[in-house]
Amino acid sequence: MASIEMHEFIGLQKKWSISKSSNGSDFEMQRLVEHLLYLRGIITQQQSEEYLNTPESLYLPPSILTDLEVAITRVKKARDQKEKVCIYGDFDADGITGTALLIKAFLRFGISAIPYIPDRSSEGHGLNFGSLKKIASNGVKLIITVDCGTNDLEEISFAKSMGIDTIVTDHHASGMSESDAIAILNPKSELNSNKFDQLTGVGMALKFADALLSGEFEDWDDGLFELAAIGTITDMAPLVGDNRYIVNKGIQELRSTKNIGLLQLMASAKIDHASVSAENIGFSIGPRINSAGRLGDAIVAFELLTTHSTSKAIDLSGQLEKTNLERRVFTEEHIIHCTMLAEKLEDIGNLLIVGDHDLNVGIIGLTAGKLSEKFGVPTAVYSIKDQVVSASCRTNTLFNWADALDTCADLLIRYGGHAQAAGFTCDISNLPELQVRLDAIAAEKFDPRFLISQGIIDAEATPTIVMRDAFPIMKLMEPFGIGNPAPIFLGRNMLVDEVVYMGKDSQHLQLKLRDHASIWTAIAFNQAWVEGTREADFVFSISISNWKGKPRLRLNIHDYFPVPESNLDRGG
């Protein structure tokens, strides 16, 4: 394998690093394939076979989880004594799919469990005293959490005082304090360090279902992996190792699913379920499920995933479609408003924190993500209500929000999350000091990459060369996503035959491009066009889907720069 050199290409959107072999960019077939695998850490023959074939050996057995036997024994006791059981999930797609998964698994196990998903605006994340009182009044004796509960120490103690046992299944970072939970199934607890550490909440729910059912049912996983795949992709987990196997198997399930709700959801999103992909899930299915928890009632999405009624599925998917459209409108309004607030600041500094009274708490996370991209710094967007600040934090840099908030715990009422996506609440009087301290943390860990929007190009190659030499192998490299990005290429000197503006505000482009004798359909989202451009260098990836039984190939344009300015003086 030739050594890898990095070169630069500056497009209209961002600066890109180009990976080239030391012998230049004119790859032969085998060398281009090897190059793509090498960039993903795939070097040996064994690694290549494992990566391309996604064997079952990637799926780790749940038996290595600490507390697993205690949890199974307690669930068996609940079944034997006919106790009421509650599955308590978070209101995002990870929690909703995980709740649906465990409800289905417990029903198979012989327990008709009660689902509970808290309301985002009135109850917030995780267990809360009000919900526990409701659950206790229903006679529940055992709660299993999904995607929450690790740090809800007071709430779990409160449940215990009412005679309710709690089993936590979660994947959020845990504190050092002891919990009254009878079992904690969490890859990030200190006893499970580095085991399943990339799994999501639904991934942990799947492991628990596996442990409960696989000893009694040969087809224990029927209809469960498809739910796990949706939650894993939507929660932006790295698609490597265990997650890669879960998502790959889940997508295969989805392509022949019998789940009425999922079939209707895909139909509403205009997705041919026979060719559904990780991209479809991430951009269409996941956001629709998430929209229920952001603006409406998350139980609507849960019911859609578990219904056996076609008429009910049609009604519920219609509700989600409406909510998702509202989510798009609200998000755009929030982005415009918060961008104006940010631009009024004298100095954004190393970290951006903006907000206002009564912003929608279901939308501020999406807003923070967009502002982080726009301004190139870690961003928190908050809403103020009753003198309490509720914030969502995002970053696409190396900044770690979870660690930063942990450092400021004395100023916070509640906080949690991950490195790139977190949240907190605090008293409004603590906000000024919190801003100062977080900015100082960002400054201490400052890296130039905070302020430079960069991307990685795998290789210089035209679409014709990619399709001829690498596309069959690229199909085996799927599913693509976080941790396993789709290959991105730079096609030089491509001719532009047609430009069509799309979208409500003409913010998207549909292009007809030519390289050699081939003509390609291309889509560029949220990109302006330089009028008069007839030839350009394009940064692109390739996607293929089936529509009404026919394959459709498309170039996804990530960036471009008109020729001749880009040729020699702008990289290469």
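The sequence shown lines up with residues 53 to 624 when you count with this note's numbering. Idealized CB from N, CA, C, for every residue including glycine. These numbers come from a predicted model, not from an experiment.
Practice prompt. Name the two residues that bound the continuous alpha helix (DSSP H) containing residue 288.
Written response: Where residue 288 is concerned, there is no enclosing alpha helix (DSSP H), given that its DSSP letter is neither H nor E.
Discussion item. With a threshold of 7 Å on Cβ separation, who are the neighbours of residue 112 within its own chain once the five nearest residues in sequence on each side are excluded?
Written reply: 248, 294
Worksheet item: Looking only at its own chain, which residues have a Cβ that is under 7 Å from the Cβ of residue 204, when we skip the five neighbours before and after it?
Response: 178, 179
Item to complete: Could I get the ranges of all uninterrupted alpha helix (DSSP H) runs contained in the region 458-515, with 4 residues as the minimum, in chain order?
Response: 483-496
Worksheet item: Does the beta carbon of residue 446 come closer than 9 Å to any beta carbon on chain D?
Response: Protein chain content of the structure displayed is limited to a single chain, and chain D is not contained in it.
Worksheet item: DSSP beta-bridge partners for residue 68?
Response: 61, 507
Fill in: Assigned secondary structure, residue 248 (DSSP; H/G/I helix, E/B strand, else coil)
coil
Item to complete: With DSSP collapsed to three states, give me the class of residue 387.
Response: helix
Worksheet item: If we count Cβ pairs, one from each stretch, closer than 8 Å, do we get three or more for the region 298-312 versus the region 269-284?
Response: yes
Worksheet item: For the candidate residues 497, 253, 192, 106, whose alpha-carbon lies nearest to that of residue 402?
Response: 497
Item to complete: Please work out which residues of its chain come closer than 8 Å, Cβ to Cβ, to residue 477, disregarding the five sequence neighbours upstream and downstream, and give them in chain order.
Response: 176, 440, 441, 442, 443, 464, 465, 466, 467
Fill in: C-alpha gap between residue 230 and residue 513, whole angstroms
55 Å
Item to complete: Just mark residue 593 as buried or exposed, buried being the case when its beta carbon has 16 or more other beta carbons within 10 Å.
Response: buried
Item to complete: Inspect the beta-carbon positions of residue 542 and residue 494 and report whether they are closer than 9 Å.
Response: no
Worksheet item: In the DSSP assignment, what are the bridge partners of residue 613?
Response: 589
Practice prompt. Identify, in the order they occur along the chain, each residue of the same chain with its Cβ nearer than 8 Å to the Cβ of residue 312, setting aside the five sequence neighbours on each side.
Written response: 359, 360, 361, 362, 365
Worksheet item: beta strand (DSSP E) containing residue 229: first to last residue?
Response: Where residue 229 is concerned, there is no enclosing beta strand (DSSP E), given that its DSSP letter is neither H nor E.
Discussion item. Please identify the residue among 292, 121, 241, 326 whose C-alpha is closest to the C-alpha of residue 260.
Written reply: 121
Practice prompt. Give me the Cβ distance between residue 165 and residue 137, rounded to the nearest whole Å; I'm assuming they're in contact under 8 Å.
Written response: 4 Å
Discussion item. Along the chain, where does the alpha helix (DSSP H) containing residue 160 start, and where does it finish?
Written reply: 145-161
Item to complete: Leaving out five residues on either side along the sequence, give the residues of the same chain with a beta carbon under 6 Å from the beta carbon of residue 554.
Response: 560, 562
Fill in: Contiguous alpha helix (DSSP H) assignments of at least 4 residues, all confined to the region 317-391
338-347, 350-358
Worksheet entry | Contacting residues, own chain, Cβ-Cβ under 6 Å from residue 214 (five flanking each side not counted) | 188
Fill in: 8 Å contact criterion, which residue 472 and residue 446 should meet: CB distance rounded
7 Å
Worksheet item: Which word fits residue 193, buried or exposed, when buried means at least 16 other C-beta atoms lie within 10 angstroms of its C-beta?
Response: buried
Worksheet item: Across which residues does DSSP place residue 167 in a beta bridge pair?
Response: 139
Practice prompt. Report the three-state DSSP secondary structure of residue 534 (helix, strand or coil).
Written response: coil
Discussion item. For a quick check, are the C-beta atoms of residue 614 and residue 576 less than 9 Å apart?
Written reply: no
Discussion item. Relative to the C-alpha of residue 582, which candidate in 130, 566, 550, 530 has its C-alpha closest?
Written reply: 550
Worksheet item: Ends of the beta strand (DSSP E) at residue 436?
Response: 431-437
Fill in: Simplified DSSP state of residue 95, which is helix, strand or coil
coil
Item to complete: Measure the C-alpha to C-alpha separation of residue 504 and residue 265 and round it to an integer number of angstroms.
Response: Residue placement at residue 504 cannot be trusted, given a pLDDT of 48 that sits under 50; what the coordinates show is reported in the next sentence. Straight-line Cα distance between these residues: approximately 49 Å.
Discussion item. If you follow the alpha helix (DSSP H) that residue 258 is in, where does it begin and where does it stop?
Written reply: 253-265
Fill in: Between the CA atoms of residue 400 and residue 75 - distance to the nearest angstrom
At residue 75 the pLDDT is 39, less than 50, meaning the model places this residue with poor confidence; the figure from the coordinates comes in the next sentence. Distance between the alpha carbons of residue 75 and residue 400: 44 Å.
Discussion item. For a quick check, are the C-beta atoms of residue 147 and residue 292 less than 9 Å apart?
Written reply: no
Practice prompt. On a CA-only basis, which of 218, 217, 240, 219 is nearest residue 226? Give me that one, please.
Written response: 240
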